[in-house]
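S.K.: To start, I am sharing the structure in question, which I have written as structure tokens.
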Amino acid sequence: MHTVWKGAISFGLVHVPVKMFSATEDKDISMRYIHKECGSPLSYVRKCPVCDKEVEWEEIGKGYEYEKGKFVMFDKEELEQVSGQADKNIVILDFVDLQEIDPIYFQKTYYLSPDQAGSNAYKLLMNAMKDTGKIGIAQIAIRSKSSLAAIRVLDECLAVETMFYPDEIRPIAQVPNLPGQEEVKEKELTMAKMLIEQLSTPFDAAKYTDQYRERLLDLIQHKVAGEEVRVAPTQPQTNVVDLMAALQASIEAVKPVVTDPGPAAAAKKRPARKPAAPTAQQAVAGDNISPTPVKKRRSTAKRKET
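Here is the structure:
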């Protein structure tokens, strides 16, 4: 498991170092928004409408809009100091009975494990809570958010249930169209109670499954097997790659077409022998002198020597 928080539980003068782990996981099937026209997945861009550019995470801060278009800014350290996240302590304020807390207050469950040399204090707190049947009410700050929390024993582990504050619970009086003081017919009420008794059973969490997720996974498999899929088009290459491709194509375009030259052309391609140095007369006459007379004079000189 991934550690999401690290700190300590304090009750009285007892200090229990602990690590926190998420007790639940979201198994919803994640889907992307797709452009129907071409099948490409859409992306979310953090763009500043004034600067007209995409903004990196390190350039982003947090602010509170106290008036339309007017903000007060906060940095990370200020928010941590206000939330109490910096001290990393879960301070138990009271011990109460679990039955006294309505489930509407509960948010998310985390597991706690002893950290470093805190095993003895961890086990002491756990056993004391089991023997008394009490749970601890504390305050905790996770990810810059302060919450109420209920610390209780779950099997042989301490668990933390983050809770809503009372002013975060909406009043029932705000719910529209609730029934008034109309009386219920006695016969109908008796039959409803009988139905409830027939459907009553001990709670077994294993018997409940996410049927929507199962049906959706089955539908996904059928679509994949039947190749009823959309393939996202290849994204355009970067400018550097496009430039290299353009240069390579240009080189290929200007290359001469190679054909079979035949024996005569092959003979012409043989390297020519280095011509003799021109005489003084040839230098004066220029470059238009044919090399043929020079070869004839050489052959004549050889006949005289023989």
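For what it's worth, the numbering used here labels the leading residue of the sequence shown as 3, then goes sequentially. Ideal placement from N, C-alpha and C gives every residue a C-beta, glycine not left out.
#1: Have a look at T192, T211, T111, M3 and flag the residue whose alpha-carbon is nearest the alpha-carbon of Y163.
#2: Looking at C-alpha atoms only, which residue of E27, L44, E229 is the closest neighbour of M33?
#3: Could you give the uninterrupted runs of the beta strand (DSSP E) lying entirely in the segment 171 to 248, keeping only those of 3 residues or more?
#4: As a quick exercise: from P178, Q83, L180, pick the residue whose alpha carbon is nearest that of A148.
#5: Kindly indicate which three-state DSSP category D51 falls into: helix, strand or coil?
#6: Can you find the residues in the same chain that come closer than 8 Å, C-beta to C-beta, to E158, ignoring five residues on each side of it along the sequence?
#7: Just the C-alpha distance for P51 and M75, rounded to the nearest angstrom, thanks.
#8: Buried or exposed, going by whether 16 or more other CB atoms sit within 10 Å of the CB of I171?
#9: Need the endpoints of the beta strand (DSSP E) that S113 sits in, please.
#10: Cβ of G2 within 9 Å of Cβ of I103?
#11: Please list the terminal residues of the continuous alpha helix (DSSP H) segment that includes K125.
#12: Which residue from P173, F13, Y210 puts its Cα closest to that of D96?
M.R.: Checking against the coordinates, here is how it stands:
#1: The sequence given here places Glu at residue 163; Tyr does not occur at that position. Among T192, T211, T111, M3, the Cα nearest to that of E163 belongs to T111.
#2: L44
#3: None, since the segment 171 to 248 contains no complete beta strand (DSSP E) of that length.
#4: Reading off the sequence, residue 148 comes out as Ser, not Ala. Selected option, being the one with the closest Cα: Q83.
#5: Note that residue 51 is Pro in the sequence shown, not Asp. Under the three-state reduction of DSSP output, P51 falls in the coil class, being neither helix nor strand.
#6: M128
#7: Those two C-alpha atoms are separated by around 19 Å.
#8: exposed
#9: Reading off the sequence shown, one finds Tyr at residue 113, where the question assumed Ser. Taken as a continuous stretch (DSSP letters only), the beta strand (DSSP E) holding Y113 covers 108 to 116.
#10: No answer is possible for residue 2: it lies beyond the span of the chain, which begins at 3 and ends at 308.
#11: 121 to 134 is the extent of the alpha helix (DSSP H) around K125.
#12: For D96, the closest alpha carbon among the candidates P173, F13, Y210 is that of F13.
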